[in-house]
Amino acid sequence: MSNGTTYSPWNFPERFESGGIVVEYAGLGEVQQGSPLIGKLSVNGTTLPSRFGGPALIGRNAVFVPRYIQEAWKFELCRIAPETRAVTSLTPQQHVVWLDRIEGDVLYFYRDINRTALSEINLGTGALRLAEVKTEKMSFGEIAVGILQAPFVLLYCLSISLILLFSAGFYWAWSKLTGKQ
């Protein structure tokens, strides 16, 4: 089965069906703005206790889906056996698990939102190859803008402090002159 470019962790159908296996999502929503969608997952009518992301891939008589780990705010790739609904973790926790396709014994998935870190797991042997997630370095201009903003933030905080200080002093002096406390 292939996900191709049709679906993403932010946009996928609530129902998948293939080879007599039916996968349905309920209550999909973001954990925080911009995060992948997660919700309750049912396989062949039985709802599983964890929350899962998508899109699911169905192949090799199993369901492959990212499971949300709430304590870590991360995902792990899992295999769900349709007959028993047993959930088996296949990868360490990742920030994003974007399932792409299954070719033969290999499941391909991305570990980043830009789809640059294509990773793979051999479903027969369990051999896992995680691609490096590249982080972009800031340009000289971005660094310079960041450096130039710091003095203005400091100046703003200093001016607010001085205004508060003068206001308190003025109030104190006024109360002494007028005799009002």
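According to this note's numbering, the sequence shown holds residues 55 to 235 in order. Backbone N, C-alpha and C fix where the C-beta goes; we use that ideal spot for every residue, glycine too. All values reported here derive from a predicted model rather than from experimental measurement.
Expressed to the nearest angstrom, what Euclidean distance is found between the alpha-carbon atoms of residue i and residue j?
i      : j      : result
Ser104 : Ser215 : 49 Å
Val151 : Glu137 : 24 Å
Pro67  : Leu202 : 46 Å
Arg183 : Thr60  : 24 Å
Asn98  : Thr145 : 24 Å
Thr232 : Cys211 : 32 Å
Lys188 : Asp166 : 9 Å
Ala126 : Gln148 : 9 Å
Gly180 : Gly81  : 32 Å
Ala204 : Ala185 : 36 Å
Ile156 : Leu209 : 56 Å
Ser56  : Leu161 : Reliability fails at Ser56, whose pLDDT of 49 lies under 50, so the model's placement of it is uncertain and the value that follows must be treated cautiously. Roughly 10 Å separates the two Cα atoms.
Thr170 : Ser221 : 55 Å
Could you check if residue i is buried or exposed, using at least 16 other CB atoms within 10 Å of its CB as the buried criterion?
i      : result
Gly83  : exposed
Leu111 : buried
Val207 : exposed
Leu219 : exposed
Ile217 : exposed
Gly223 : exposed
Pro238 : Nothing about residue 238 can be reported from this structure: the residues present for the chain run from 55 to 235 only.
Ser213 : exposed
Smallest Cα separation from residue i: which of the options?
i      : options                        : result
Asp154 : Glu130, Pro63, Ala140, Phe163  : Phe163
Ile75  : Ser62, Trp64, Ala116           : Ala116
Gly88  : Leu172, Asn65, Thr100          : Asn65
Val85  : Ala135, Pro109, Ile123, Trp226 : Ile123
Ala135 : Ser173, Thr100, Pro109         : Thr100
Contact defined as beta carbons within less than 8 Å: I believe residue i pairs with residue j. What is the distance between those atoms, to the nearest angstrom?
i      : j      : result
Asp159 : Leu177 : 5 Å
Leu102 : Arg139 : 6 Å
Gly93  : Pro63  : No, Gly93 and Pro63 are not in contact; Cβ-Cβ is about 12 Å, not under 8 Å.
Determine, using beta carbons only, whether residue i and residue j come nearer to each other than 9 Å.
i      : j      : result
Leu95  : Val77  : yes
Gly113 : Ser143 : no
Phe106 : Tyr79  : yes
Lys234 : Trp228 : yes
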